[in-house]
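Written below as structure tokens is the structure these notes are about.
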Amino acid sequence: MTSRKSVVVHPDEIDRIYRNDSRKVYATLVRLLGDFDLAEEVMHDAFSAAVQKWPVEGIPGNPVSWLVSTARFKAVDMIRRRKRLAELHPELTRRVAELESLNGSPAGLEIQDDRLRLIFTCCHPAIDPKVQVPLTLREVCGLSTEEIARAFLVPSSTMAQRIVRGKAKIRKAGISFSIPSLTELPNRLDAVLSVIYLVFNEGYSASSGETLTRSHLSDEAIRLARLLLELLPHAEVSGLLALMLLHESRRDARTDDQGDIVLLEDQDRSRWNRGHIAEGQQLVEQSLRTGLAGTYTIQAAISAIHAEAPTSEETDWAQIVALYDVLLRFGENPIVELNRAVAVAMRDGVEFGLEIVDRLLLQETIEQYYLAHSARGEFLRRIGRHAEAIESFEKAASLAKQTPEIRFLQKKIAAVRSISKPT
Amino acid sequence: MKYMLLIYGNEDCWTEEERESCMIESMAISKELESQGKWCAASPLQSISTATSVRVRDGKQQIVDGPFAETTEQLGGYYIIDVDDLDEAIAIAARLPPSKKGTVEIRPLAPLPEVATPEKDTTASMDS
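Respectively, the protein sequence lines represent chains X and S.
The first sequence maps to residues 1 to 423 in UniProt numbering.
The second sequence maps to residues 1 to 128 in UniProt numbering.
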């Protein structure tokens, strides 16, 4: 903790460190303290201390290490002061001794792995699968309960209960904060992969609000997948990483300067990130060669076909439909069927796609999905059924949650109106 | 951390021979755990046909022949172990022969609150 009095610390800088590093600090504290709530509390104390000290003393060389050390000292204080807390968690008192010996030395560099450790804890099979994903988003990624509730379309209070239940199970059942042994690892992987993908999607297309993309979350998901791949070179880990990289490659092209959505077919393909695409393609091929490819790899393969097509028209739609068929063999999925319908429309003609979408819309879950109505509206527009197209776009707009999505649909509606207006 | 492993299974699914080899294997596991300081207690239970259930309602004892609940799988034995975490408890539960035919339920023992108990030193000093 060297002081550099000459350094002027901008408050934004501390904000940035909080945004980027608070979850790393938190994961390490959870490992050291073995308690979520205490970790959360002392982490906030450590950041409060930083807000007071750093503007005076300058930002330490390794802020994460400083924050972990500071929080550790506060934890020891807090456990001592709250006798009752120590009674409720007898293991905490035992940890005080451990912590004190650690407090002599600065926090080490083992911090990177702690988030992975925490993911495996939150995705432990002894935790209800309905709880695993929100718990990871809350504890590992630091999403608010409100954001998670929106992503899962359940009330905030329900989501809060699930998270509390998950934390209590970890504490009371003695689920450890550790990376599973090699023999257990494959079993534990599926839940972890689905969590990482949900984190990516939350960042790639936030469930609501003004900003369509929150690249930070997507970067986090990609980083976690890379770390996981290093730890466990499994076909589906490659597949998932490939899938995320291929989506990520289009990030800049998928919105215009006003932040409005640009569809895949209208995107300026020269803006796609070729580095991401090349890495994604290589990972897909690697995964397919193992013969152990699953749903992530197949989805990545679909994305790779889009990535190598010079234009939408020149896309190998037949192969895309075939891959969606493979994907459906892994299990029924109305959203996969919706995407397949769009590919069928491109391969065989709009009427064929429309027929599938109309059938899908009879299902309740799909009926509430704005993209299904948006796809239907687009099909109807293309075959000149303008009044029905407007109706579908309006329905889609009423279900869409993000401002750019709604704006996109309103533009569509206006465009169809201007053509269909009798002159 | 202490856990109770509750052994559930259909009482009729074992032949005499299987039951005996199950007991021998279970005892060996108990011995091994004991040598590692991870064993607290364990025992098989007699059949549910020997069970008696007691309830006290409005000060009156109600005594009924039979178990708490008639189910297809019955509680047939238990272990109390002291291990590091749930993963270790799961690994031990998976080694127990009944896990292959029935179900082993793992329940952490709840810690007792630290209340002053009227025994040992305190009572002794009060008496003198």
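For glycine and all other residues, C-beta sits at the position ideal for the given N, C-alpha and C.
Because the structure is a prediction, the values reported are computed rather than measured.
Contact set for residue i: own chain, Cβ-Cβ below 7 Å, skip 5 residues either direction
{"i": "residue 109 of chain X", "result": "Bear in mind that a pLDDT of 48 at residue 109 of chain X, under 50, signals an unreliable position, so the model cannot answer this."}
{"i": "residue 417 of chain X", "result": "390"}
{"i": "residue 407 of chain X", "result": "260"}
{"i": "residue 52 of chain S", "result": "63, 65"}
{"i": "residue 98 of chain X", "result": "none"}
{"i": "residue 367 of chain X", "result": "361"}
{"i": "residue 342 of chain X", "result": "353, 375"}
{"i": "residue 72 of chain S", "result": "10"}
{"i": "residue 232 of chain X", "result": "185, 189"}
{"i": "residue 318 of chain X", "result": "347"}
{"i": "residue 50 of chain X", "result": "14, 67"}
{"i": "residue 131 of chain S", "result": "Residue 131 of chain S cannot be examined here, being either before or after the span of chain S that is shown, 1 to 128."}
{"i": "residue 306 of chain X", "result": "264, 315"}
{"i": "residue 419 of chain X", "result": "386"}
{"i": "residue 410 of chain X", "result": "397"}
{"i": "residue 247 of chain X", "result": "204, 303"}
Within chain S, partners of residue i - CB distance below 7 Å
{"i": "residue 126 of chain X", "result": "86"}
Close-in-space but distant-in-sequence residues of the same chain around residue i (CB under 6 Å, 5 per side omitted)
{"i": "residue 3 of chain S", "result": "81, 89, 106, 108"}
{"i": "residue 21 of chain X", "result": "64"}
{"i": "residue 226 of chain X", "result": "none"}
{"i": "residue 224 of chain X", "result": "196"}
{"i": "residue 146 of chain X", "result": "156"}
{"i": "residue 67 of chain S", "result": "48, 51"}
Selected residue, minimal CA-CA separation from residue i, among the options
{"i": "residue 72 of chain X", "options": "X:34, X:58, X:51", "result": "X:34"}
{"i": "residue 276 of chain X", "options": "X:252, X:298, X:339", "result": "X:252"}
{"i": "residue 141 of chain X", "options": "X:415, X:286, X:282, X:198", "result": "X:198"}
{"i": "residue 398 of chain X", "options": "X:323, X:370, X:387, X:258", "result": "X:370"}
{"i": "residue 280 of chain X", "options": "X:268, X:266, X:301, X:269", "result": "X:301"}
{"i": "residue 250 of chain X", "options": "X:340, X:266, X:258", "result": "X:266"}
{"i": "residue 173 of chain X", "options": "X:121, X:11, X:355", "result": "X:121"}
{"i": "residue 203 of chain X", "options": "X:143, X:32, X:184, X:37", "result": "X:143"}
{"i": "residue 229 of chain X", "options": "X:292, X:237, X:310", "result": "X:237"}
{"i": "residue 12 of chain S", "options": "S:94, S:113, S:98, S:42", "result": "S:98"}
{"i": "residue 220 of chain X", "options": "X:156, X:75, X:201, X:414", "result": "X:201"}
{"i": "residue 326 of chain X", "options": "X:385, X:349, X:295, X:386", "result": "X:295"}
{"i": "residue 6 of chain S", "options": "S:83, S:112, S:102", "result": "S:102"}
{"i": "residue 293 of chain X", "options": "X:123, X:330, X:351, X:95", "result": "X:330"}
{"i": "residue 183 of chain X", "options": "S:17, S:112, S:87", "result": "S:87"}
{"i": "residue 23 of chain X", "options": "X:324, X:12, X:40, X:310", "result": "X:40"}
{"i": "residue 284 of chain X", "options": "X:181, X:18, X:394, X:299", "result": "X:299"}
{"i": "residue 217 of chain X", "options": "X:75, X:77, X:244, X:46", "result": "X:244"}
One or two residues paired with residue i in a DSSP bridge
{"i": "residue 106 of chain S", "result": "S:5"}
{"i": "residue 60 of chain S", "result": "S:57"}
{"i": "residue 81 of chain S", "result": "S:3, S:39"}
{"i": "residue 456 of chain X", "result": "The structure shown does not extend to residue 456 of chain X, since chain X spans only 1 to 423, so no value can be given for it."}
{"i": "residue 96 of chain S", "result": "Partner(s): none; residue 96 of chain S has no beta bridge."}
{"i": "residue 255 of chain X", "result": "X:261"}
{"i": "residue 266 of chain X", "result": "Answer by DSSP bridge pairing: none, since residue 266 of chain X is not bridged."}
{"i": "residue 44 of chain S", "result": "S:77"}
{"i": "residue 128 of chain X", "result": "None, per the DSSP bridge assignment."}
{"i": "residue 65 of chain S", "result": "S:52"}
Contact set between residue i and chain X, taken where Cβ atoms lie within less than 7 Å
{"i": "residue 44 of chain S", "result": "Within 7 Å Cβ-Cβ: nothing; residue 44 of chain S doesn't reach chain X, min ~25 Å."}
Proximal chain X residues relative to residue i, where beta-carbon distance stays under 9 Å
{"i": "residue 67 of chain S", "result": "Under the 9 Å cutoff, chain X gives no residues; its nearest Cβ is about 26 Å from residue 67 of chain S."}
Under 8 Å by beta carbon: chain X residues contacting residue i
{"i": "residue 108 of chain S", "result": "172, 173, 174"}
Same chain only: Cβ atoms within 8 Å of residue i, ignoring 5 sequence neighbours per side
{"i": "residue 127 of chain X", "result": "135, 166, 169, 170, 175"}
{"i": "residue 130 of chain X", "result": "162"}
{"i": "residue 357 of chain X", "result": "338, 341, 372, 375, 376, 379"}
{"i": "residue 9 of chain X", "result": "54, 55, 58, 59"}
{"i": "residue 208 of chain X", "result": "Low confidence applies here, because residue 208 of chain X scores a pLDDT of 47, under 50, leaving its location unreliable; read the following figure in that light. 150, 401, 402, listed in sequence order."}
{"i": "residue 194 of chain X", "result": "133"}
{"i": "residue 30 of chain S", "result": "39, 42, 79"}
Residue i CB to nearest heavy atom of the ligand NAP below 6 Å
{"i": "residue 321 of chain X", "result": "Only the bare structure without any ligand can be found here, which leaves the ligand NAP out of the picture."}
In chain order, which continuous runs of the alpha helix (DSSP H) of length 4 or greater are located wholly inside the UniProt domain "RNA polymerase sigma-70 region 2" (18-84) of chain X?
-> Listed in chain order, the complete alpha helix (DSSP H) runs (minimum 4 residues) inside the UniProt domain "RNA polymerase sigma-70 region 2" (18-84) of chain X are 36-57, 63-81.
Continuous alpha helix (DSSP H) assignments of at least 4 residues falling wholly in the stretch 305-363 of chain X | If we require 4 residues or more, the alpha helix (DSSP H) runs fully inside the stretch 305-363 of chain X come out as 317-329, 334-348, 350-360.
Those runs of the alpha helix (DSSP H) which lie wholly inside the stretch 146-228 of chain X and span at least 4 residues | Along the length of the stretch 146-228 of chain X, whole alpha helix (DSSP H) runs at least 4 residues long occupy 156-173, 185-204, reported in chain order.
Would you list, in sequence order, the uninterrupted beta strand (DSSP E) runs of no fewer than 3 residues that lie entirely inside the UniProt repeat "TPR" (370-403) of chain X?
-> Within the UniProt repeat "TPR" (370-403) of chain X, no complete beta strand (DSSP E) run reaches 3 residues.
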